[in-house]
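Numbering (the UniProt record's numbering), first residue to last: 1 to 231.
Here you go:
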């Protein structure tokens with residue numbers, strides 16, 4: 001008898017025997033609470049074909065697009081023969097949109113990433129924690145960081161004032177150096193730090209490199225000048 005439970009959709013990465021065994025175990029065990037949406041593969045010729053009861057619906061490298069389109073947040077990685085480097089790349093791709101990531105590992109080359117051991121019937125898998133993707137955990141983390149930074153700023157305020165005064169006495173110009181940087185999701189933000197260089201330092205450096213082509217090559221390669229004595 002099958003229970004009429006609300007099920008979460010899940011995608012299986014891989015089309016090998018292990019992937020099919022995982023699908024079989026999920027289907028026969030309603031208590032797991034999953035409905036298989038299909039397989040993803042690295043083999044384009046398999047896309048659109050059926051493997052048993054379930055269809056190969058796309059490529060692994062397009063997991064984010066497929067999961068967003070179908071509203072899927074759970075994935076099983078059943079690629080036991082790929083290298084550790086490739087496995088990490090696949091996990092990083094899944095982390096872009098998945099909340100729950102389960103890995104069916106190659107036990108001959110098992111590596112750990114703070115994962116939890118789990119199983120689907122007779123099939124072993126590892127669950128990769130995705131706690132920080134959950135809204136409540138994100139909120140708690142934000143509040144903690146805000147409180148911590150506020151307290152630390154109050155403690156360090158006297159030191160900041162001394163540094164600011166020293167910079168002002170040392171050379172004219174602004175105390176803080178402002179620079180644009182890229183943060184989460186490539187969003188630009190302003191980065192502030194105490195100025196440790198002369199005003200118009202960038203233009204002076206460019207002029208110096210213009211008249212010293214040998215040093216320019218060193219700068220372009222290392223982003224620093226190792227020895228100023230030959231300038």
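Every residue gets a Cβ at the ideal spot worked out from N, C-alpha and C, and that includes glycine.
As the structure is a prediction and not an experimental result, all values here were calculated from the model.
Please report the distance separating the alpha-carbon of residue i from that of residue j.
i	j	result
residue 159	residue 189	25 Å
residue 67	residue 43	18 Å
residue 110	residue 210	Only weak support exists for where residue 110 lies, its pLDDT of 47 falling under 50; the coordinates are left without a value.
residue 219	residue 182	23 Å
residue 170	residue 144	37 Å
residue 195	residue 204	16 Å
residue 18	residue 88	19 Å
residue 36	residue 147	43 Å
residue 99	residue 163	44 Å
residue 47	residue 60	11 Å
residue 168	residue 94	49 Å
residue 165	residue 173	12 Å
residue 150	residue 187	24 Å
residue 153	residue 180	22 Å
residue 9	residue 155	49 Å
residue 86	residue 161	49 Å
residue 97	residue 11	12 Å
residue 221	residue 49	50 Å
residue 217	residue 178	27 Å
residue 185	residue 65	16 Å
residue 69	residue 58	12 Å
residue 29	residue 84	30 Å
residue 81	residue 157	55 Å
residue 25	residue 56	18 Å
residue 207	residue 213	11 Å
residue 141	residue 27	37 Å
residue 92	residue 215	39 Å
residue 112	residue 90	For residue 112, the pLDDT reaches just 46, beneath the cut-off of 50, and the residue's location in the model is therefore unreliable, although a value from the coordinates is still provided. About 15 Å.
residue 45	residue 15	12 Å
The alpha helix (DSSP H) spanning residue i covers which residue range?
i	result
residue 20	17 to 28
residue 161	135 to 170
residue 85	84 to 94
Mind checking which residues open and close the beta strand (DSSP E) that includes residue i?
i	result
residue 179	176 to 182
residue 193	188 to 194
Give a yes or no on whether the C-beta atoms belonging to residue i and residue j are separated by under 8 Å.
i	j	result
residue 76	residue 32	no
residue 54	residue 38	yes
residue 40	residue 63	yes
residue 102	residue 52	no
residue 192	residue 176	yes
residue 104	residue 22	yes
residue 34	residue 7	yes
Going by DSSP, name the residue or residues bridged to residue i.
i	result
residue 75	11, 101
residue 35	9
Tell me whether residue i, by its Cβ, gets closer than 7 Å to a heavy atom of the ligand SAH.
i	result
residue 191	Although the ligand SAH was asked about, the structure shown includes no ligands whatsoever.
Complete runs of the beta strand (DSSP E) confined to the stretch 38 to 64 [at least 3 residues]:
As far as the stretch 38 to 64 is concerned, its whole beta strand (DSSP E) runs of at least 3 residues are 54 to 59.
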